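Colleague:
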Amino acid sequence: MRLGRRVLPFVAAVAAVLATISWTSRSSRDSVHTYRVWHWNIAGNAMHHGSTTDGLVNAAINSIRNRNADFVSLNEVCHSQFKALQKGLADQNWPQDTADFARFTPTRSASPEICGGTGDYGIALFSRHSLGASRQYALPSDGTSEQRKMLCAPLRDTPRMKFCTVHITTSNAVHDGAPDNYRQIEFVRRTLDAFDRSGQAYLIAGDFNAQPHYARLDQMYAPSATTANNPGNAGNHRELDDADSAHCPGYGEWTALGSSAVPSPCGGRAKVDQIFVRESRLAGEYDAVSLAIPTSCTGVTRCADHRVLVGTVRMRTP
6 MRLGRRVLPF
16 VAAVAAVLAT
26 ISWTSRSSRD
36 SVHTYRVWHW
46 NIAGNAMHHG
56 STTDGLVNAA
66 INSIRNRNAD
76 FVSLNEVCHS
86 QFKALQKGLA
96 DQNWPQDTAD
106 FARFTPTRSA
116 SPEICGGTGD
126 YGIALFSRHS
136 LGASRQYALP
146 SDGTSEQRKM
156 LCAPLRDTPR
166 MKFCTVHITT
176 SNAVHDGAPD
186 NYRQIEFVRR
196 TLDAFDRSGQ
206 AYLIAGDFNA
216 QPHYARLDQM
226 YAPSATTANN
236 PGNAGNHREL
246 DDADSAHCPG
256 YGEWTALGSS
266 AVPSPCGGRA
276 KVDQIFVRES
286 RLAGEYDAVS
296 LAIPTSCTGV
306 TRCADHRVLV
316 GTVRMRTP
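The opening residue of the sequence shown carries number 6 in the working numbering; numbering runs sequentially from there.
1) Starting from Val82, trace the beta strand (DSSP E) both ways and give me its first and last residue.
2) Using only CA atoms, which one of Thr175, Gly55 and Leu61 lies nearest to Ser265?
3) Report buried or exposed for Arg41, applying the criterion of at least 16 other Cβ atoms within 10 angstroms of its Cβ.
4) With DSSP collapsed to three states, give me the class of Gln86.
5) Could you check whether His84 and Gly124 sit closer than 9 Å to each other, using their CB atoms as the reference points?
6) Which residue marks the beginning of the alpha helix (DSSP H) containing Ser68, and which one marks its end?
7) Check Tyr187 in the structure and name its three-state DSSP category.
8) Within the chosen definition, does the region 277-295 reach the region 49-62 through at least 3 CB pairs nearer than 8 Å?
9) Spatial neighbours of Ile26 within its chain, please: CB distance less than 7 Å, with the 5 preceding and 5 following residues excluded, ordered by chain position.
10) For Thr317 and Tyr207, I'd like the C-alpha separation in whole angstroms.
11) Which of the three DSSP states is assigned to Asp222 in this structure?
12) Got a sec, what are the start and stop residues for the beta strand (DSSP E) Arg243 sits in?
13) Helix, strand or coil: which one does DSSP assign to Ser176?
14) Does the Cβ of Ser78 have 16 or more other Cβ atoms within 10 Å, making it buried, or fewer, making it exposed?
15) Three-state secondary structure (DSSP) at Ser324?
16) For Gln91, name the three-state secondary structure that DSSP assigns.
17) Within the 9 Å Cβ cut-off, does Gly255 reach chain B?
18) Below 8 Å, can you find three or more Cβ-Cβ pairs linking the region 183-193 to the region 145-165?
19) Can you say whether Val82 is buried or exposed, counting buried as having 16 or more other CB atoms within 10 angstroms of its CB?
20) For His3, which option in Thr322, Pro323 and Ala309 has the closest C-alpha, if you only look at C-alpha atoms?
21) Do Gln279 and Pro236 have their C-beta atoms within less than 9 Å of each other?
22) Where do the ends of the beta strand (DSSP E) carrying Gly316 lie?
23) May I ask you to list the residues that DSSP assigns as paired with Ile128?
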């Protein structure tokens, strides 16, 4: 009996050492890369009705190139606009491989009321680096006709590095015991956790329709991101604008026009667009900035009701 008591701590110690060796070995095989992510909710249906000629597409292309983006996330994009952006970016030699750098998934099917009757409506991503096979993940339904999704694609030459885009519902109606917006964020978080458990790295950008200090985002933000402006965090991610000491630390710069039911902790408009990185993948500094909304589009005062969010991060990838 006494021997057993001695053996158990020994076995536990050996297991801990082996786990440390495994983690160290995995970390030593990782590469360090710096990526720049560009995200915009373009209101392609609500404000532009599917138009590809009113200045929206050109405004996006110019900003993507000027900001030297590696990854692009688009929300509320019509398929016609996606194709115009794909052609425009290829024509300007933005991607390394013009044949395989863009992905789109519909969240609403084509109808006369959607995108001016030009086609499907959904979310999209682009990459300067060649992409592998993408996958779409259907989010829990919010009871509407829109099937919201998360869209992810790995890099072809670094297949264990993924880039994802998502657009979370505004609905807080309760289904299956929890609000729709919480359930969708929870699904995203669990999917990202599964990526991490399988040794994959990722970045995700999107309109989460939640301010950083909302309780439903506590499952995303890491405790190390906690500030007076963003308390109660229990997740595993840092948001690329959460460490800006000049703009509401822990929260970041605003991204959306319009009033919010819950005020921003630092006053002003709300931040509902985020770019997340797994905290354990960080390999240096990160930052983000939200850009003034372009006014170059015809027929509207501004090109969108969201700002572009641009973030840069140095991270380890398998």
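Yeah, the Cβ is synthetic: ideal placement off N, Cα and C, and Gly gets one too. If you're wondering where the values come from, they're calculated on a predicted model, not measured in any experiment.
Modeller: The answer reads as follows:
1) By 1-based counting over the sequence shown, the position of residue 82 is 77. Start and end: Phe76 to Cys83.
2) Stepping through the sequence shown from its first residue, residue 265 is reached at position 260. Measuring from the Cα of Ser265, the nearest candidate turns out to be Thr175.
3) Stepping through the sequence shown from its first residue, residue 41 is reached at position 36. Buried.
4) Sequence index remark: in the sequence shown, residue 86 carries index 81 (1-based). In the structure shown, Gln86 sits in a helix (DSSP, three-state: H, G or I).
5) Start at 1 with the first residue of the sequence shown, and residue 124 comes out as number 119. Start at 1 with the first residue of the sequence shown, and residue 84 comes out as number 79. Cβ atoms of Gly124 and His84: closer than 9 Å.
6) Here residue 68 refers to the residue found at position 63 when the sequence shown is read from its first residue. Segment Leu61 to Asn71, the alpha helix (DSSP H) holding Ser68.
7) Translated into positions along the sequence shown, residue 187 becomes position 182. In this structure, Tyr187 counts as helix in the three-state DSSP scheme.
8) Contact between the region 277-295 and the region 49-62 is absent, because fewer than three Cβ pairs lie under 8 Å.
9) The residue you call residue 26 lines up with position 21 of the sequence shown. Here Ile26 scores only 43 on pLDDT, less than 50, and its place in the model is too uncertain to base an answer on.
10) Numbered from 1 along the sequence shown, position 312 holds the residue referred to as residue 317. Numbered from 1 along the sequence shown, position 202 holds the residue referred to as residue 207. Each residue's alpha carbon lies about 13 Å from the other.
11) Your numbering for residue 222 matches position 217 in the sequence shown. The question names Asp, but residue 222 is Leu in the sequence shown. Correct three-state label for Leu222: helix.
12) Reading the sequence shown from its first residue, position 238 is the one you call residue 243. Its beta strand (DSSP E) spans residues His242 to Glu244.
13) Here residue 176 refers to the residue found at position 171 of the sequence shown. Annotated three-state conformation of Ser176 is coil, per DSSP.
14) Here residue 78 refers to the residue found at position 73 of the sequence shown. The residue is buried, with at least 16 neighbouring Cβ atoms inside 10 Å.
15) Outside the shown range of the chain, which is 6 to 323, sits residue 324, and nothing can be said about it.
16) The sequence position of residue 91 within the sequence shown is 86, counting from 1. For Gln91, the three-state secondary structure derived from DSSP is helix.
17) No chain B appears in this structure, which consists of one protein chain only.
18) In this structure the region 183-193 lies against the region 145-165, because at least three pairs of beta carbons, one per stretch, are closer than 8 Å.
19) As a working note, residue 82 is residue 77 in the sequence shown. A residue is called buried once 16 or more other Cβ atoms fall within 10 Å of its Cβ, and Val82 is buried on that count.
20) Since the first and last residues shown for the chain are 6 and 323, residue 3 lies out of range.
21) Position 274 of the sequence shown, counted from the first residue, corresponds to residue 279. Position 231 of the sequence shown, counted from the first residue, corresponds to residue 236. Result no, Cβ atoms of Gln279 and Pro236 do not sit closer than 9 Å.
22) Residue numbering aside, residue 316 sits at position 311 when the sequence shown is read from its first letter. Its beta strand (DSSP E) spans residues Val313 to Thr322.
23) Counting from one through the sequence shown, the residue named residue 128 turns up at place 123. The partner list for Ile128 (beta bridge, DSSP) reads Thr110.
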